[in-house]
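Protein chains in written order, with my numbering: chain A, 1 to 183; chain B, 184 to 607.
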């Protein structure tokens with residue numbers, strides 16, 4: 001049985017508030033991240049007892065895992081997934097190292113406009129019609145979820161984006177076939 | 184013959200120029216004008232006459248030599264090798280190069296054995312010397328290739344974003360396919376390389392043994408021992424160098440592989456999304472978030488504590504059992520048992536007909552020590568007891584109990600029924 005000493009978990013309230021709203025705590029949230037880093041076992045036991053699944057990803061972030069989304073959250077997540085996948089393709093088309101570009105380059109409004117223009121019929125399905133829609137509907141939400149941070153000229157992607165890259169890699173031939181059968 | 188010292192002096196003086204020429208033109212040719220420009224660039228205050236003189240000096244000392252049947256120039260190969268050694272600007276050699284040398288070593292080993300068997304000591308010495316040279320050359324090649332790979336990795340890592348991914352990693356992949364892999368195969372414990380060395384080592388050991396046995400050529404023994412050590416050392420150096428090179432290249436190769444994988448996967452998935460629609464394709468794979476803040480929010484610490492209380496072995500930090508001395512002594516209320524009161528009341532009033540008796544009067548008579556609230560409690564109890572027949576006064580009267588004054592329509596014990604008035 002893990003010892004949970006509440007007085008040591010000084011950031012519990014802040015951490016709880018962030019995590020339950022779907023936020024990913026990554027290294028940029030220094031205080032919270034350090035707290036979690038130091039007392040991860042206690043936090044994990046505590047959140048576990050409360051019916052959550054606190055996950056620590058070795059690539060530097062913490063989040064509450066969930067196996068279902070509310071319809072609204074599901075839509076947001078799909079929009080983020082599409083944006084990330086399209087970004088990877090976009091960077092690769094430009095001959096860049098897609099992963100490196102994803103984390104090093106700033107996504108500005110111009111890039112967003114280009115993305116939406118090039119993939120109009122995909123974004124249309126998610127009711128995103130312009131670069132500013134993309135900014136408002138996807139990037140600001142990514143900031144709220146801790147997937148990106150706002151900087152002067154645009155947005156920087158943060159480590160939790162790896163969840164989407166994992167999801168991308170999960171789509172394999174088998175699941176293609178299953179989908180095929182469904183059709 | 185040009186005196187070496189003179190050449191060295193010139194090299195020293197013009198090192199900057201040579202370095203620039205070497206780096207800019209690598210191994211290709213350049214014109215006289217290029218040389219003059221470089222000298223001018225390095226020494227901007229020099230007159231054109233001086234520059235012309237210095238260029239001629241480089242040419243005369245054969246540091247720069249003209250290409251055959253051409254006005255173009257090139258750096259003397261010996262000087263270029265020297266410069267590449269100094270600058271560590273080495274190009275990756277081929278695995279084949281080393282293989283050939285090792286094969287040659289094997290051949291020489293056989294010859295050495297032969298010479299030893301025939302007792303031809305001058306031949307033995309000669310082959311031993313040649314083998315020694317070969318071994319040195321192989322070690323040099325290993326080191327050379329290692330630093331070449333280091334340069335290559337540095338180049339691939341340096342962020343030149345205008346370079347495409349393919350181009351950046353091409354050299355890395357080539358290095359891997361053309362050098363590391365064949366070499367690793369060769370150095371493998373069951374590979375040719377290893378077997379060849381075992382044979383050579385055996386041959387040399389035999390020779391040393393026979394020298395010891397016959398006591399001839401004691402000087403040669405030492406030479407052979409050195410050779411044997413050098414060969415073993417070479418083997419070790421080769422393995423080390425290859426391991427280091429592979430370690431340097433491996434992460435880049437992995438990175439490239441991963442990137443290609445991700446890119447390909449992204450293209451594939453996006454293709455499917457285009458065909459099937461965003462929602463259908465992404466719903467099963469998208470990451471889920473905990474979202475319903477209302478449902479999960481705990482808010483305050485007391486909520487937390489309440490949750491915690493239900494967890495096994497939870498102990499609130501502040502919780503302490505009260506001490507005996509902390510608690511004020513318990514004072515039981517003075518009220519006598521109601522049943523006793525009831526009995527004494529019944530005794531006094533039953534069978535006394537219509538006579539009216541003030542209830543409160545009775546109480547204060549019997550229990551003078553009671554407080555006002557306790558008295559009223561008993562009064563209230565008696566009134567609501569259905570066993571007695573009580574009636575209420577029509578007039579309001581004031582009663583004083585223990586320094587408290589009450590105005591009320593008092594109840595009296597009586598059998599006569601009266602219409603009850605409002606009670607206050």
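We put the CB at the ideal spot given by N, CA and C, even for glycine.
For residue i and residue j, which I take to be in contact (beta-carbon distance under 8 Å), what is that distance rounded to the nearest angstrom?
| i | j | result |
| --- | --- | --- |
| residue 22(A) | residue 73(A) | 7 Å |
| residue 452(B) | residue 168(A) | 6 Å |
| residue 321(B) | residue 281(B) | 6 Å |
| residue 593(B) | residue 542(B) | 7 Å |
| residue 115(A) | residue 134(A) | 7 Å |
| residue 358(B) | residue 92(A) | About 23 Å separates the two Cβ atoms, so there is no contact after all. |
| residue 28(A) | residue 10(A) | The Cβ separation is near 19 Å, so there is no contact. |
| residue 428(B) | residue 363(B) | 6 Å |
| residue 98(A) | residue 442(B) | 6 Å |
| residue 53(A) | residue 42(A) | Not a contact, Cβ separation roughly 15 Å. |
| residue 244(B) | residue 189(B) | 7 Å |
| residue 545(B) | residue 531(B) | 7 Å |
| residue 305(B) | residue 256(B) | At roughly 45 Å, the Cβ-Cβ gap does not stay under 8 Å, so residue 305(B) and residue 256(B) are not in contact. |
| residue 59(A) | residue 164(A) | Not really, about 12 Å apart at Cβ, beyond 8 Å. |
| residue 25(A) | residue 32(A) | 5 Å |
I need the boundaries of the beta strand (DSSP E) containing residue i, first residue and last residue.
| i | result |
| --- | --- |
| residue 149(A) | 148 to 150 |
| residue 590(B) | 587 to 591 |
| residue 90(A) | No beta strand (DSSP E) contains residue 90(A), which is instead part of the alpha helix (DSSP H) from 71 to 93. |
| residue 57(A) | 53 to 57 |
| residue 574(B) | 573 to 575 |
| residue 184(B) | Segment: none, residue 184(B) is in no beta strand (DSSP E) and carries neither H nor E. |
| residue 64(A) | 61 to 65 |
| residue 157(A) | 155 to 157 |
What first and last residue would you give for the alpha helix (DSSP H) that runs through residue i?
| i | result |
| --- | --- |
| residue 113(A) | 109 to 118 |
| residue 562(B) | 555 to 567 |
| residue 224(B) | 215 to 225 |
| residue 542(B) | 542 to 549 |
| residue 37(A) | 30 to 38 |
| residue 382(B) | 375 to 397 |
| residue 238(B) | 231 to 243 |
| residue 210(B) | Residue 210(B) -> no alpha helix (DSSP H), and no H or E assigned at all. |
| residue 164(A) | 162 to 170 |
| residue 15(A) | 12 to 20 |
| residue 341(B) | Premise fails: residue 341(B) is in no alpha helix (DSSP H) and is neither H nor E. |
| residue 131(A) | 131 to 134 |
| residue 141(A) | 140 to 144 |
| residue 100(A) | 98 to 104 |
Please compile the residues from chain D whose C-beta is within a distance smaller than 7 Å of the C-beta of residue i.
| i | result |
| --- | --- |
| residue 468(B) | Considering every chain present, this structure includes no chain D. Its protein chains are A and B. |
Near-chain B residues of the region 59 to 79 of chain A - C-beta to any C-beta below 9 Å: 63, 64, 65, 66, 67, 68, 69, 70, 72, 73, 74, 75, 76, 77, 78, 79
Runs of alpha helix (DSSP H) lying entirely within the region 405 to 485 of chain B, each at least 4 residues, in chain order: 461 to 465, 476 to 479
Inter-stretch contact at 8 Å, needing at least 3 Cβ pairs: the region 291 to 303 of chain B / the region 241 to 249 of chain B: no
The region 102 to 118 of chain A contacting the region 146 to 162 of chain A, beta-carbon criterion three pairs below 8 Å: Contact holds: three or more Cβ-Cβ distances are below 8 Å.
Contacting positions in the region 140 to 151 of chain A - beta carbon closer than 9 Å to chain B: 145
Those runs of the alpha helix (DSSP H) which lie wholly inside the region 246 to 293 of chain B and span at least 4 residues: 260 to 270
Contact between the region 457 to 473 of chain B and the region 375 to 394 of chain B (3+ Cβ pairs under 8 Å): These segments do not touch.
Given 8 Å, three or more beta-carbon pairs between the region 74 to 84 of chain A and the region 124 to 134 of chain A: yes
Where the region 99 to 123 of chain A meets chain B: residues whose CB sits under 7 Å from a CB there: 99, 122
Inter-stretch contact (C-beta, 8 Å, three-pair minimum) for the region 306 to 321 of chain B and the region 404 to 424 of chain B: yes
Proximal residues, the region 160 to 172 of chain A versus chain B, C-beta separation under 7 Å: Residues 163, 164, 165, 167, 168, 169, 170, 171.
Cβ pair count under 8 Å reaching 3, the region 85 to 94 of chain A against the region 428 to 440 of chain B: no
At least three beta-carbon pairs within less than 8 Å, the region 190 to 199 of chain B to the region 131 to 145 of chain A: no
Cβ pair count under 8 Å reaching 3, the region 372 to 381 of chain B against the region 285 to 294 of chain B: yes
Segment contact flag, the region 43 to 62 of chain A with the region 4 to 11 of chain A, C-beta cutoff 8 Å, min 3 pairs: Taking one beta carbon from each stretch, the region 43 to 62 of chain A and the region 4 to 11 of chain A have 3 or more pairs nearer than 8 Å; the two touch.
Contacting positions in the region 387 to 415 of chain B - beta carbon closer than 7 Å to chain A: none
Proximal residues, the region 440 to 451 of chain B versus chain A, C-beta separation under 7 Å: 442, 445, 446, 448, 449, 450
Residues from the region 454 to 466 of chain B in contact with chain A, defined by Cβ distance under 8 Å: 455, 456, 457, 459, 460, 461, 462, 463, 464, 465, 466
Near-chain A residues of the region 258 to 269 of chain B (beta-carbon distance less than 8 Å), N- to C-terminal order: none
Residues, ordered as in the chain, of the region 123 to 134 of chain A that lie near chain B by beta-carbon distance below 8 Å: 125, 126
Residues of the region 24 to 36 of chain A with Cβ closer than 8 Å to any Cβ of chain B, in chain order: none
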